[in-house]
């Protein structure tokens, strides 16, 4: 087995990438020949030749020669095959693109490497497994490596990279996790992934589940529901988010998007809508919901990933509006006032003063009920006091915002259901305002009478009517 891991390559310049890539390949081959010296009598000679011949692809050919001389076959595993490409794409601008095209172009080190693997498959290479996050490089190296098949989206592998419900329970039993110690809604937080439209079962994110179980085993209780290590580095996606901001906002707003999943794509196509949605799918930020009129609907898989979306929205909002001031300390105080003393006014004033009143003209063009909800949700999602759910289906409609107390803070006395309305300043007549009030009251009353909320005294109901971007009216039903 010849095992490569292409994380940690130096992508700061063409020269440094070439040197680090060559060194990586050379080190792996040196270790390979040393580990299997009992199979390769001439391994020492080959290793000395590697030291004398620096290029990585030359070292790879030495490994093939050694295996062929010994009559052995090689199984090659390449992990993080796309790591360098993703780094370079995230760099953006000319420099990142220039380095990327150098490494995958004709006579580039990456192209040479995969062409050499293809040559080896005719003699000593038995199987090659590539593992990574995105298929972005498969299209760009295809002319030099047209022997691969992307199995990520095949039905039989739907459950391969996640835990089914049964496997979660089996894992809990095997590791001694008492179900009574699980104080969070695991399905809401971690489940929901489907990788083929005809897949039989959705799966839990294994990293998230193991993080939860680790906390219970080591701390005796859940300390945090979201592993900070799972949050993507915003800088790595900043360029893509900037150029696809409207689509990202649409996904966050509707929790889903109609889009096919592309099995491979070039760097040149990443800014296309379908390709951007596919990238989010491969990153685990979207998953398959269902087939709708012959087209896939992709959705945000669970609450944990939803919080990551709102974090991206917050950053994108701040990037495009330098005057927006998100004072997290002020926001935390306002949230405590809302949760423990039942006073929503401080939170809403905080959002209006620091965000709504400072929006750019571009953002004001989109200002409506949905856009208001996006910004409110973005601020609410930053708090750990509530699990904030949008468009919660109850028997008599869908709530705009439902704020469920955190499983970790059962002492919070109040949960909230908010109904959001908007009137433009030009249309803010007395009759229009009265009509909005009446509509909001009727909807809140329907929610109150639904089986989910009926008889509950800990749930409070609020109508929030915005008039333009900086005036509002609050009424608690």
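Residue numbers (the working numbering): 19 to 495. Quick reminder that beta carbons are idealized off the backbone N, C-alpha and C, glycines included.
8 Å CB neighbourhood of residue i in its chain, flanking five on each side removed
i	result
residue 155	99, 100, 103, 122, 128
residue 88	57, 58, 59
residue 346	400
residue 227	181, 186, 189, 204, 208
residue 112	Reliability fails at residue 112, whose pLDDT of 45 lies under 50, so the model's placement of it is uncertain and no value is given.
residue 265	275, 291, 294, 295
residue 239	199, 201, 233
residue 34	28
residue 459	481, 493, 495
residue 422	404, 405, 406, 407, 433
residue 11	Any question about residue 11 goes unanswered here, given that the chain covers just 19 to 495.
Close-in-space but distant-in-sequence residues of the same chain around residue i (CB under 6 Å, 5 per side omitted)
i	result
residue 309	215
residue 485	441, 446
residue 223	208
residue 355	361, 364
residue 38	27, 28
residue 425	201, 202
residue 148	96, 99
residue 93	19, 144, 145
residue 212	220, 305, 306
residue 324	318
residue 105	29
residue 298	304
residue 126	120
residue 483	439, 454, 491
residue 36	127
Contact under 7 Å by Cβ, residue i with residue j
i	j	result
residue 479	residue 462	yes
residue 195	residue 231	yes
residue 352	residue 403	no
residue 465	residue 417	yes
residue 157	residue 277	no
residue 235	residue 182	no
residue 153	residue 350	no
residue 46	residue 131	no
residue 221	residue 184	no
residue 375	residue 488	yes
residue 454	residue 444	no
residue 411	residue 477	no
residue 373	residue 390	no
residue 85	residue 142	yes
residue 120	residue 32	yes
residue 437	residue 481	yes
residue 300	residue 151	yes
Whole-number beta carbon distance between residue j and residue i, since they are thought to touch under 8 Å
i	j	result
residue 19	residue 68	With a Cβ gap of about 19 Å, residue 19 and residue 68 do not count as contacting.
residue 368	residue 348	6 Å
residue 296	residue 313	13 Å between Cβ atoms; not a contact.
residue 64	residue 51	6 Å
residue 206	residue 21	At roughly 38 Å, the Cβ-Cβ gap does not stay under 8 Å, so residue 206 and residue 21 are not in contact.
residue 173	residue 217	6 Å
Chain-order list of residues whose beta-carbon lies under 7 Å from that of residue i (same chain, five-residue window excluded)
i	result
residue 395	328, 406, 408, 419
residue 415	461, 464, 465
residue 169	175
residue 49	none
residue 23	97, 98
residue 80	47, 64, 67, 68
residue 287	293
residue 370	488, 490
Cutoff 7 Å: residue i Cβ touching any chain B Cβ
i	result
residue 82	This model lacks chain B altogether; it includes just one protein chain.
Query - Cβ pair count under 8 Å reaching 3, the stretch 270-280 against the stretch 235-244 - result: no
Requested in this report: Counting only runs of 4+ residues fully inside the stretch 200-231, write out the alpha helix (DSSP H) ranges in chain order.
Outcome: 204-208
Query raised in the report: What beta strand (DSSP E) runs, 3 residues minimum, are completely inside the stretch 28-104?
Result: 92-97
Query raised in the report: Using 8 Å as the Cβ pair cut-off and three pairs as the minimum, do the stretch 129-138 and the stretch 182-198 touch?
Result: no
Query raised in the report: At which residue ranges does the stretch 261-289 contain complete beta strand (DSSP E) runs of 3 or more residues, listed in the order of the chain?
Result: 274-276
**Report entry** Segments assigned alpha helix (DSSP H), at least 4 residues, entirely inside the stretch 321-402
**Finding:** 321-338, 346-359, 363-372, 379-382, 387-399
Report task. Mind listing, in chain order, the continuous alpha helix (DSSP H) runs of no fewer than 4 residues lying wholly within the stretch 433-464? Result -> none
Query raised in the report: Where in the stretch 111-158 do unbroken runs of the beta strand (DSSP E), each at least 3 residues long, occur, reported from the N-terminal end onward?
Result: 143-149
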